[in-house]
Amino acid sequence: MDVVLLGAYSFKRDLLSASPIITASTVILIIDLLLGDKEAFIAINSGLASPILDIACGYLSTTLFSASIILSLIRLYLKRNGGSESKAMGLIAATSAPICYILGSALKVLIGRLRPFEALESVRIVGIWHTSTFSFPSTTTMFAFGFALPIFYGEPRLGLPLVCIASFIGFSVIYTGFHYPADVIVGVLLSTLITLLTNRVRAKVEGFISEWKR
1 MDVVLLGAYS FKRDLLSASP IITASTVILI IDLLLGDKEA FIAINSGLAS PILDIACGYL
61 STTLFSASII LSLIRLYLKR NGGSESKAMG LIAATSAPIC YILGSALKVL IGRLRPFEAL
121 ESVRIVGIWH TSTFSFPSTT TMFAFGFALP IFYGEPRLGL PLVCIASFIG FSVIYTGFHY
181 PADVIVGVLL STLITLLTNR VRAKVEGFIS EWKR
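Each residue of the sequence shown is one higher than the one before, starting from 1 at the first, in the working numbering.
Structure below.
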């Protein structure tokens, strides 16, 4: 009974943490649809074009995100006063990210939306992003938020920079010509839903780690 109550409390706490992200993403999605997804893409991809953003979005964003994953996992693992809770947080983050990516990839095949550079003319392609067949949703964004959000739920001070970096990743895949804004925004919303579900097992993972350390 205590485990059930703890799980319910943790879910409500996580939902409260996620509510600003859900609200902001929903508002941005509505604005994007009102303006037109293709028009918003062109405004970002071409209208904001600059050499600095080309370098930052096309080449530095992936390096920054990869480094943030490694450093945050090391910090969670080595954290002395966190114990099994920090390790469980890192394990769930490392598990949620590929789950989000896999589910997003399945949706891509089902929906089959062409990428902007395949459907539109004069799209700027910047950087070294890997591309799969379809565009919707953005699995790169889903992976980034799938990793960042479980840490944000449990330790906001560490998770907030990761959420900011994940947001920059989402902006980057639009700016560099690989995704429409709706691909990214829906990816954020889907990742939020998935991580709220995967994070419900954190208490059990903590218990397993505590038992294993004995």
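No residue lacks a Cβ here, since even glycine has one placed at the ideal position from N, Cα and C.
Note that this is a predicted model, so its numbers are computed, not measured.
What's the C-alpha gap between residue i and residue j?
{"i": "residue 220", "j": "residue 29", "result": "Because the chain here runs from 1 to 214, residue 220 falls outside it and cannot be looked at."}
{"i": "residue 85", "j": "residue 48", "result": "42 Å"}
{"i": "residue 148", "j": "residue 106", "result": "21 Å"}
{"i": "residue 12", "j": "residue 26", "result": "20 Å"}
{"i": "residue 102", "j": "residue 91", "result": "17 Å"}
{"i": "residue 136", "j": "residue 160", "result": "25 Å"}
{"i": "residue 77", "j": "residue 88", "result": "9 Å"}
{"i": "residue 37", "j": "residue 184", "result": "11 Å"}
{"i": "residue 117", "j": "residue 42", "result": "11 Å"}
{"i": "residue 46", "j": "residue 124", "result": "7 Å"}
{"i": "residue 175", "j": "residue 119", "result": "16 Å"}
{"i": "residue 65", "j": "residue 59", "result": "11 Å"}
{"i": "residue 153", "j": "residue 44", "result": "30 Å"}
{"i": "residue 39", "j": "residue 128", "result": "24 Å"}
Since residue i and residue j should fall inside the 8 Å C-beta cutoff, what is the C-beta to C-beta distance between them, to a whole number of angstroms?
{"i": "residue 134", "j": "residue 114", "result": "7 Å"}
{"i": "residue 50", "j": "residue 162", "result": "Actually they do not touch by this definition, with Cβ atoms about 26 Å apart."}
{"i": "residue 63", "j": "residue 198", "result": "About 26 Å separates the two Cβ atoms, so there is no contact after all."}
{"i": "residue 191", "j": "residue 57", "result": "With a Cβ gap of about 20 Å, residue 191 and residue 57 do not count as contacting."}
{"i": "residue 138", "j": "residue 179", "result": "5 Å"}
{"i": "residue 126", "j": "residue 54", "result": "5 Å"}
CB residue i to CB residue j, shorter than 8 Å?
{"i": "residue 68", "j": "residue 151", "result": "no"}
{"i": "residue 32", "j": "residue 181", "result": "yes"}
{"i": "residue 142", "j": "residue 177", "result": "no"}
{"i": "residue 18", "j": "residue 196", "result": "yes"}
{"i": "residue 186", "j": "residue 170", "result": "no"}
{"i": "residue 173", "j": "residue 140", "result": "yes"}
{"i": "residue 168", "j": "residue 10", "result": "no"}
Could you have a look at residue i and say whether DSSP puts it in helix, strand or coil?
{"i": "residue 91", "result": "helix"}
{"i": "residue 128", "result": "coil"}
{"i": "residue 178", "result": "coil"}
{"i": "residue 15", "result": "helix"}
{"i": "residue 171", "result": "helix"}
{"i": "residue 136", "result": "coil"}
{"i": "residue 109", "result": "helix"}
{"i": "residue 38", "result": "helix"}
{"i": "residue 68", "result": "helix"}
{"i": "residue 115", "result": "coil"}
{"i": "residue 154", "result": "helix"}
{"i": "residue 47", "result": "coil"}
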